[in-house]
Amino acid sequence: MSRSDPEFWNRRTSATAIWTNLRWTFVHIWAHGRAPALGIVAVQILLGIQPALLIYITQHLIDTVVASAGEGGAGFEQTLPWLIAFGAVLLLTSDVQWKVRDTLHLRLEQNLEHALGRRFEAKASRLPLVFFEVSAFYDRLERAKNPGRTVDRFFFAAMHTFQAGIRVISIAIIFTSVSLWISLTLLIVLIPQILMSIEQSRRFMSFTYGQTEAMRRVGYVDRILTGRGAQKEMRLFALHQMLSQRWRAMRRALREQLWRQQNQLVRRELPVASLRLGASAGIAITLAYFLGDRLLTPGRFVALFRGVDDMLGAGSSLGYHSMTLQNQNAEISYVREFLDLPEDDGAWLQQPPADREPTRPFPKPLREGFAVEDVWFAYPAASATKAENPRPVLRGVNLHLKPGERVALVGENGAGKSTLAKLLLGLYQPTAGEIAVDGIRYGEIDRTSLASAVSAAFQDFFNFELTASQSIGIGALGTGGSDRENDLWPAWLPPDPAVVENAARRAGVDAIAARLPHGYDTPVGHVLDGGQGLSGGEWQRLAIARAFIRQPELLILDEPTAALDPMAEAEVYRQFGELFAGRTALLISHRLGSARMADRILVLKDGRIVEQGPHDDLVAKGGVYAAMWEEQASWYQ
Amino acid sequence: MVPVILQDTTVARPPAMRTLLRFLWWMIQTDPRHSILLLVLQFATGLMPAASVWIVRALFDRSLEVYEGRLPVADMLVWVALWAVLTLADMGIRIWTRTLLRERLKQEMEDRLLAQLQRKASVLRLETFERADFHDVLRRAQEAASPGFFLNLIGEINTIITGTLTAVSVALVVGLWNPLLLIAIALVSVPPPLVQMFQGKTTFLLKREQTQRQRLRAYLERILTDRTAAKEVRVFNLGSTLLGWWEHLYWQVADRLFQQKRSQASVNALLAAFSLAGLAAGIGWSAWAVANGGLSPGQFAAMMVALQEVRTHVDRVFFRVGYLANYLLYIADLFTYLDLGPEEPKDGVRIDGVGEVPIAATGLSFRYPQAEYPAIDDISFTIQPGERVALVGANGSGKTTLVKALLGLFHPTQGKVLYGDVDLNRMDRNGLWDQSAAVFQDYTRFAFSLGENIGLGRTERMGDQAAVERAAHQGGAAPIAEQLPERYHTLLTKEFAGGTELSGGEWQRVAISRGFMRNASLIVLDEPTASLDPQAEADVFRRFLAMSGERTTIVVSHRLGSARLCDRILVLKEGRLLENGTHGELLSQEGEYARLWALQAQWYGEEEAKLRDTGE
């Protein structure tokens with residue numbers, strides 16, 4: 000989450016917001032980490048009263064020591080109980096307790112990470128796909144990441160504020176026993192002190208973490224200069240000098256700004272510090288007069304004299320932690336908002352909610368096929384406040400896919416091909432119009448049933464960096480019977496090896512697997528130990544094999560060969576004919592040569608289907624397709 | 000300084016002491032005035048606690064007399080005033096050193112360091128970037144150079160200096176009163192180093208490399224929330240399966256971490272108790288001494304302060320030494336990176352008109368560092384001035400590597416490249432690059448404005464709007480500018496405020512326009528059209544051929560349709576040059592090229608069957 004985001008600073012401050020978030024946090028902590036949390040509270044209380052206790056014990060210790068001077072063993076016996084008390088307080092309240100607290104803290108953090116992380120991931124996997132494709136929505140997910148840690152940090156900020164509060168109050172009580180006025184003076188001096196700490200930590204937050212826009216920009220130029228990505232260009236275009244000059248200039252401007260900030264801070268710090276010193280000196284003088292009037296014992300005098308410092312220290316810490324609490328508050332709000340998002344395409348996506356949970360199964364076998372009727376699609380507007388109306392990507396698409404038909408979808412970049420594919424896969428809901436299969440609207444079909452009836456290889460596929468077998472068989476995990484119990488995966492996890500190998504063979508992955516040291520059990524990518532790196536083309540073949548793992552009613556291949564060389568591409572296409580047998584298939588490509596083998600070709604332009612028919616008809620028609628074909632074929636004639 | 004050259008063994012880290020000295024020397028060199036001032040002031044703050052102990056004693060002795068009515072209160076106030084002055088001075092020095100000195104010094108050092116890292120990246124030979132171990136060195140160096148890191152190190156050094164001085168000076172003051180008091184000081188000072196000795200082993204246990212299980216768990220979390228994976232998660236219905244898997248790993252990883260932490264914490268708690276016992280023993284001994292007349296009550300009160308100060312500082316010093324050792328490892332990585340070689344040769348023969356001489360490769364081979372086989376192997380050919388040559392071949396056949404070797408970006412492991420009769424190794428590479436324009440497949444998408452992205456092709460003319468627009472027009476980026484809110488001034492990234500992101504095809508036009516900024520006599524295009532649709536691709540090629548005109552041109556492509564437009568075609572396979580000739584010649588040879596051509600043309604040709612027959 001970015002602190003340069005103005006929203007961050009707006010959300011930070013409201014007291015009611017902090018209170019609601021605190022309540023929410025405590026409810027979750029009570030549910031998931033009661034025991035460690037109570038332990039932590041106990042430790043915080045002990046640490047909070049420590050300074051007051053030490054002041055109290057020190058005064059008696061010194062007084063008994065004074066009384067015992069020159070008394071020998073008998074005198075020492077007088078001081079012994081206070082010595083023991085002193086040792087006991089130290090033992091109960093300092094480093095030792097920190098270690099206990101840290102251990103409890105880890106447990107609490109783990110409990111929260113588990114409970115909230117699970118909710119977070121489950122939520123992320125169930126949200127509609129559109130959520131991921133509109134930046135303004137996806138940002139919400141990014142901001143809510145690591146919810147367990149966020150809640151834990153918030154709790155800790157609250158605990159530290161609580162502890163600092165106890166310290167201030169308990170020391171004030173000690174001073175009250177001497178004079179109420181001294182207590183009041185100290186509390187009043189604390190106010191500028193706390194304000195000062197808040198100011199300091201605010202600046203610290205926004206500057207030190209390099210999260211202001213200007214700092215990120217400087218950091219970016221530095222990354223270009225030192226990173227690997229642009230080194231070719233750096234040499235060929237002789238960019239080093241110009242970019243490093245730019246970096247220097249940006250950096251200088253930033254430094255001057257920082258410098259001014261810091262001077263200001265020092266100028267503000269000095270009067271507060273002097274006030275603090277003045278108050279301490281004043282209190283010391285008052286105490287000295289009390290001493291002269293025998294209202295104080297010398298031991299008490301020394302203990303309180305040092306207690307003034309403790310009090311002021313507790314004040315800074317109160318300021319610092321309450322500031323942290325405010326900062327964490329914004330992050331808690333992000334987590335809460337994300338976890339509370341509705342999972343259907345509800346009102347927040349500006350679409351009418353489904354009246355009831357869809358329950359009908361996907362029809363098998365297919366009789367009539369897929370019907371797309373006057374479908375419009377626009378990405379939802381990023382925010383409701385801005386009256387921007389996103390341009391529709393699809394504008395009234397009509398088409399019918401017969402069972403077993405092979406259809407190619409062609410068109411320029413940005414014509415809406417991938418969007419149409421995602422609608423057919425049930426990943427998007429049409430903004431207007433209907434998609435139905437065998438007369439049943441998509442909206443009425445049970446999601447799991449729909450998901451298991453379709454399969455796809457996407458243009459921007461994800462590389463599953465697991466074992467080769469898991470990566471290909473990700474859509475069939477848990478079908479392989481049981482494996483040995485394993486450190487890394489549960490026994491039920493592996494996919495059916497026969498199914499994986501069959502799909503792999505069809506996509507030409509068997510040759511890749513044969514080269515890997517442990518065949519299909521070899522880890523690919525960098526996540527698992529001993530993982531083998533694959534080239535872009537090899538990953539693409541894995542993605543194609545992944546789509547073949549199922550026996551779907553509808554198979555969509557969305558430009559699956561962009562990273563393959565011509566030989567490999569030709570090979571994959573040769574196999575398509577065999578693979579598509581008896582299955583409804585949609586092939587998206589902008590290489591018309593491969594589209595040609597389809598039963599029917601659909602030409603998409605500006606969100607509408609402008610032409611359709613077999614290749615020869617379209618060429619004869621002399622329209623958009625014919626022009627595209629001429630263009631491409633001319634290269635090979 | 001002898002450059003460190005990455006070998007196939009891991010780089011050994013230099014000893015910590017040498018790194019520390021080099022760091023200090025480097026700090027003084029960077030900003031001598033502030034460095035020395037800082038060190039002097041550290042001395043001053045280190046002596047403050049000793050003075051404070053002295054004052055507490057005096058104050059307490061007076062307070063006893065005041066309490067017994069033997070001294071007027073006013074006499075005691077002198078010491079209060081002295082204490083206030085001392086505190087004021089201490090406070091002033093602290094604020095001054097922290098903000099005005101340390102911050103400034105930190106910035107100076109950071110600036111200098113980053114500039115050095117940047118320079119290093121620009122002069123290191125490009126093939127070094129291809130090494131796997133180089134990335135570890137670079138990553139660690141960058142971590143060490145990350146903001147605030149230096150502040151920490153200077154802070155560590157300061158804490159150690161101040162702490163040591165405090166402990167020694169307080170011990171001296173106390174020892175002057177009564178040498179026996181040093182026993183109490185010793186009781187307090189002994190536990191911390193012992194504690195650190197034990198702790199040192201346990202603290203770094205947790206900092207080890209992430210285990211495989213931890214990585215896998217984090218990866219599963221990523222799949223479930225990743226933007227790219229979201230489609231697959233839904234189409235393959237992965238949600239509950241992957242959550243089940245994650246669940247399987249969660250407590251395995253968490254419990255192990257917790258057990259480690261718990262056993263470490265219990266050891267540490269014991270050790271902390273031991274250290275506190277030292278403090279209690281010291282105070283107890285002092286109380287005993289008062290009872291037996293060896294110590295005045297005032298000295299006892301001062302001892303309570305003194306012992307706590309000594310314990311805190313000795314503890315801190317030893318604790319920080321542990322940290323310092325850790326920091327020094329990073330700093331050592333940093334210095335290793337700065338010493339890295341080999342660097343690009345600095346000067347050489349400058350050749351004007353690289354497009355007007357033949358370019359020849361003789362027995363050219365290049366093997367990537369740590370690779371088993373050469374990426375290109377024994378390649379020989381000549382490109383005539385003004386000739387347009389296409390490099391074709393399957394993925395991984397060495398096309399891009401060959402181009403990089405021809406441009407002098409990679410140094411051949413065997414054979415050579417000749418421009419006219421000058422060996423590229425003896426040439427001034429900057430001169431060569433200055434006269435050539437190259438657009439690579441993996442061009443950089445700079446998070447700058449559209450105008451700057453194009454203008455970077457020729458930095459001297461970046462500000463020349465007309466030149467930028469002309470290049471945009473030629474490279475096909477002009478229509479993009481028309482659609483953007485601030486035309487050429489639009490920032491091309493979502494990372495910063497007010498920016499817009501372009502699509503892959505649009506970026507490609509920007510990259511090509513960047514190439515058009517140069518009036519080069521040697522032009523290289525490395526598959527610049529991969530993500531364009533056919534219309535756009537045809538458009539780019541037309542523009543491109545118009546630009547190349549009479550200049551020497553090398554095109555890398557695996558679409559033979561476009562390669563055909565070149566004067567000559569070189570066919571690469573598995574790093575070797577297989578065929579070399581015009582489209583017609585190669586077709587009639589009926590070799591690799593003819594086979595590839597048949598494969599691609601069959602999708603477009605009328606006589607599919609015939610072509611397939613000749614192809615196989």
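Chains as they are written, first to last, in numbering that gives the first Met the number 0: chain A, 0 to 636; chain B, 0 to 615. The C-beta atom is built at its ideal place from N, Cα and C for all residues, glycine as well.
Rounded to the nearest angstrom, the gap between the Cα atoms of Q383/B and A519/B is 16 Å. F257/B reaches chain A at T102, L105, R106 and Q109, counting residues in chain order whose Cβ is nearer than 9 Å.
With a threshold of 9 Å between beta carbons, P190/B makes no contact with chain A. Residues of chain B with a Cβ closer than 7 Å to the Cβ of W538/A do not exist, since the nearest Cβ in that chain sits about 12 Å away. Under the Cβ criterion (8 Å, minimum of three pairs), the segment 216–223 of chain A does not count as touching the segment 98–107 of chain B. With respect to N326/A, A87/A sits apart: the two C-beta atoms are not nearer than 9 Å.
For P296/B against V64/A, the beta-carbon gap comes to about 6 Å, under 8 Å, which counts as contact.
Counted as a single uninterrupted DSSP element, the stretch harbouring S178/A is not any alpha helix (DSSP H), since DSSP gives it neither H nor E.
Residues are counted here when their Cβ sits less than 8 Å from a Cβ of chain B; for the segment 272–286 of chain A these are A272, S273, L276, S279, A280, A283 and I284, given in chain order.
Chain A places no beta carbon closer than 9 Å to that of Q369/B, leaving this residue out of the contacts. By the Cβ neighbour-count rule, I190/A is exposed, with fewer than 16 other Cβ atoms within 10 Å of its own. Interface residue (Cβ-Cβ distance to chain A less than 9 Å): F299/B is classified as such. In the DSSP assignment, N262/A falls outside any beta strand (DSSP E) and lies within the alpha helix (DSSP H) extending over H239 to G291. V421/B carries a strand assignment under DSSP once its states are collapsed to helix, strand and coil. Around the beta-carbon of I223/A, 16 or more other beta-carbon atoms lie within 10 Å, marking it buried. Taking 9 Å as the threshold, the shortest C-beta distance from N412/A to chain B falls below it. Excluding sequence positions up to five before and after R550/B, its CB lies within less than 6 Å of the CB of G354, S520 and I522, all in the same chain and listed in chain order. Around the CB of A313/A, 16 or more other CB atoms lie within 10 Å, so the residue is classed as buried.
DSSP places K604/A in the uninterrupted beta strand (DSSP E) bounded by R599 to K604. Using a Cβ-Cβ cut-off of 9 Å, I331/A does not count as an interface residue toward chain B, since no Cβ of chain B sits closer than that to its own. The straight-line gap separating the alpha-carbon atoms of A73/A and L103/A is approximately 44 Å. Shown here, T158/B sits in a helix according to DSSP, grouped into three states. The beta carbon of N518/B does not come within 9 Å of any beta carbon belonging to chain A, so the residue lies off that interface.
Listed by position along chain B, the residues whose Cβ is nearer than 7 Å to that of Q261/A are T98 and E102. Assigned with DSSP and collapsed to three states, T15/A falls in helix. If the five residues before and after G590/B are omitted, its C-beta is found closer than 6 Å to the C-beta atoms of E578, all from its own chain and listed in chain order. Only buried fits A279/B, as 16 or more other CB atoms lie within 10 angstroms of its CB. Chain B places a beta carbon closer than 9 Å to that of Y137/A, counting this residue as a contact. Where N326/A is concerned, the enclosing alpha helix (DSSP H) starts and stops at P297 to L338.
For the pair L294/B and A51/A, the Cα-to-Cα distance works out to about 27 Å. By the Cβ-count criterion, H320/A is buried, with 16 or more other Cβ atoms from all chains shown falling within 10 Å of its own Cβ. If one requires a minimum length of 4 residues, the alpha helix (DSSP H) runs lying completely within the segment 70–135 of chain A are 72–92, 94–125 and 129–132, in chain order.
The beta-bridge partner set that DSSP reports for W375/A consists of R394/A and A431/A.
Flagged as an interface residue toward chain A: E220/B, by a C-beta distance shorter than 9 Å. In the DSSP assignment, G612/A falls within the unbroken beta strand (DSSP E) covering R607 to G612. Looking at the backbone, the Cα of D509/A and that of T466/A are separated by about 14 Å.
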